[in-house]
Amino acid sequence: DAKTTQPTSMDCAEGRAANLPCNHSTISGNEYVYWYRQIHSQGPQYIIHGLKNNETNEMASLIITEDRKSSTLILPHATLRDTAVYYCIVISGGSNYKLTFGKGTLLTVNP
Amino acid sequence: EAGVVQSPRYKIIEKKQPVAFWCNPISGHNTLYWYLQNLGQGPELLIRYENEEAVDDSQLPKDRFSAERLKGVDSTLKIQPAELGDSAVYLCASSLGLAVYNEQFFGPGTRLTVL
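Chains A and B are the protein sequences, given in the same order.
If you read the first sequence in my numbering, its first letter stands for residue 42, the second for the next number, and so on.
If you read the second sequence in my numbering, its first letter stands for residue 1405, the second for the next number, and so on.
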């Protein structure tokens, strides 16, 4: 599976958009980009995933560059409850995939 | 809908003692995972079950760790004997199946402290 690079930490003002970048320059054609987050003292929570196209759900938007070497998770209106560690994970399709978590990005939403 | 249930939430033991963690996955989820999370690190997969079969236990330290998923529902992870380095959070997750599009749902974890 392709390795990902994320900033260690980021800050965002409450109510503003949070844009979390992820670099996955060695991604291959059948690999998906997944985002999970982990709020303090809780287990990780699935946010969104994509292959080639941009994706949006009730939690966030995922923007994948045309060459698929990087992506950005967008939380459109960050709240204090969005303070968490955000993990960008690249995994192969199929039935034998593994979630390999790195250290992620600690997003702190400030009032 | 009830989420993944884990117990206990916290456990403090002395080294060389045995310890067990219990997980009840979301109803209908065939796939169950155990992860280990050290402080400041992301979770690491220990073992993965499809129903009652362990389909990937390559990362499980089998000299002291064991796991079982009898009847393909609840699962227990055991450490015997525990070492100081085993202090960590042990997370259980479940999903509908092994395919990549099946998101994993995580429990709150069991925080183990070995003294």
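Glycine is no exception: its CB is placed at the ideal position from the N, C-alpha and C atoms.
What you are looking at is a predicted structure, and each value in this text was computed from that prediction instead of being measured.
Endpoints, the beta strand (DSSP E) within which residue i is located
{"i": "L1436 (chain B)", "result": "T1435 to Q1441"}
{"i": "P1465 (chain B)", "result": "Careful: P1465 (chain B) lies outside any beta strand (DSSP E) and carries neither H nor E."}
{"i": "I80 (chain A)", "result": "From DSSP, I80 (chain A) is part of no beta strand (DSSP E); its letter is neither H nor E."}
{"i": "M51 (chain A)", "result": "S50 to A54"}
{"i": "V1423 (chain B)", "result": "V1423 to N1428"}
{"i": "Y1505 (chain B)", "result": "Unbroken run through Y1505 (chain B): none, as it is neither H nor E."}
{"i": "H90 (chain A)", "result": "Q86 to G91"}
{"i": "S1431 (chain B)", "result": "It is not in any beta strand (DSSP E) - S1431 (chain B) carries neither H nor E in the DSSP assignment."}
{"i": "R1473 (chain B)", "result": "Here R1473 (chain B) belongs to no beta strand (DSSP E), and DSSP marks it neither H nor E."}
Whether residue i touches residue j by CB criterion (8 Å)
{"i": "P1485 (chain B)", "j": "R1468 (chain B)", "result": "yes"}
{"i": "S150 (chain A)", "j": "L114 (chain A)", "result": "Rather than Ser, the amino acid found at residue 150 (chain A) in this sequence is Val. Not in contact: V150 (chain A) and L114 (chain A) (Cβ atoms no closer than 8 Å)."}
{"i": "Y77 (chain A)", "j": "Y128 (chain A)", "result": "yes"}
{"i": "D1478 (chain B)", "j": "N1428 (chain B)", "result": "yes"}
{"i": "V1493 (chain B)", "j": "G1513 (chain B)", "result": "yes"}
{"i": "K144 (chain A)", "j": "Q1445 (chain B)", "result": "yes"}
{"i": "H118 (chain A)", "j": "G56 (chain A)", "result": "yes"}
{"i": "S1491 (chain B)", "j": "L1474 (chain B)", "result": "no"}
Separation of residue j from residue i, as counted between CA atoms
{"i": "M100 (chain A)", "j": "N1455 (chain B)", "result": "31 Å"}
{"i": "R1452 (chain B)", "j": "K93 (chain A)", "result": "28 Å"}
{"i": "E191 (chain A)", "j": "S50 (chain A)", "result": "One cannot answer for residue 191 (chain A) here, as it falls past the ends of chain A, which runs 42 to 152."}
{"i": "A1471 (chain B)", "j": "G91 (chain A)", "result": "33 Å"}
{"i": "N1506 (chain B)", "j": "V74 (chain A)", "result": "14 Å"}
{"i": "G1432 (chain B)", "j": "N98 (chain A)", "result": "24 Å"}
{"i": "S82 (chain A)", "j": "K1482 (chain B)", "result": "22 Å"}
{"i": "A1503 (chain B)", "j": "V1409 (chain B)", "result": "22 Å"}
{"i": "L1464 (chain B)", "j": "V1423 (chain B)", "result": "15 Å"}
{"i": "W1426 (chain B)", "j": "D108 (chain A)", "result": "44 Å"}
Per-residue burial, residue i [other beta carbons within 10 Å of its own, 16 or more giving buried]
{"i": "Q79 (chain A)", "result": "buried"}
{"i": "R1413 (chain B)", "result": "exposed"}
{"i": "E1457 (chain B)", "result": "exposed"}
{"i": "T106 (chain A)", "result": "exposed"}
{"i": "H65 (chain A)", "result": "buried"}
{"i": "S112 (chain A)", "result": "buried"}
{"i": "P85 (chain A)", "result": "buried"}
{"i": "E1487 (chain B)", "result": "exposed"}
{"i": "N47 (chain A)", "result": "Note on identity: in this sequence residue 47 (chain A) is Gln, with Asn being the wrong assignment. With 16 or more Cβ atoms within 10 Å of its Cβ, Q47 (chain A) is classed as buried."}
{"i": "A59 (chain A)", "result": "buried"}
{"i": "I130 (chain A)", "result": "buried"}
**OP:** Could you say if the segment 1430 to 1447 of chain B and the segment 1486 to 1499 of chain B meet the contact criterion of at least three C-beta pairs nearer than 8 Å?
**Re:** yes
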